[in-house]
Amino acid sequence: MANQNKGFTRIIKAGGYSYKGIRAAWLNEAAFRQETVVMLVAIILTFFIDVSVLERILLIGSVVLVVILELVNSAIEAVVDRIGPEYHELSGRAKDMGSAAVLIAIILGLFTWGTILWGHFFS
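Residue numbers (my numbering): 921 to 1043.
Okay, structure coming up:
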């Protein structure tokens, strides 16, 4: 049987699934809440500092990337935990790699913000 969700209906349903995912992350993941608050503050801050449009996009993009990867990391953790509570090397590896992706994004964000702000305020 073919999928009955086509066109606009599919888009509406996909939006609903996305909302459920964001809500679940907000309710169940402290790191997601913390990173989302930092992201919102950082985005607002970009409109009060004198940077070019491209620099503003880089500043905003670098913090949004952290939140995106936190969602992916949380999804990996949920799937691994669903499989079972016993330790398995591959499960641990998957969780560690997801966490590493978030860490690298945070380092990229700090580097991006540091480089752009340093160039504006200390050069």
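C-beta: ideal position from N, C-alpha, C; glycine also.
At which residues does the alpha helix (DSSP H) containing residue i begin and terminate?
i	result
Lys1015	Glu1009 to Phe1041
Gly925	It should be pointed out that residue 925 corresponds to Asn in this sequence rather than to Gly. Neither: Asn925 is in no alpha helix (DSSP H) and is coded neither H nor E.
Under three-state DSSP, which class holds residue i?
i	result
Asp1001	helix
Gln954	helix
Val973	helix
Glu949	coil
Glu1006	coil
Assuming residue i and residue j make a contact with CB atoms under 8 Å, what is their CB distance in whole Å?
i	j	result
Glu997	Phe952	The pair is not a contact, with the Cβ atoms about 11 Å apart (cut-off 8 Å).
Glu955	Val987	5 Å
Val983	Ala962	5 Å
Glu975	Ile1036	5 Å
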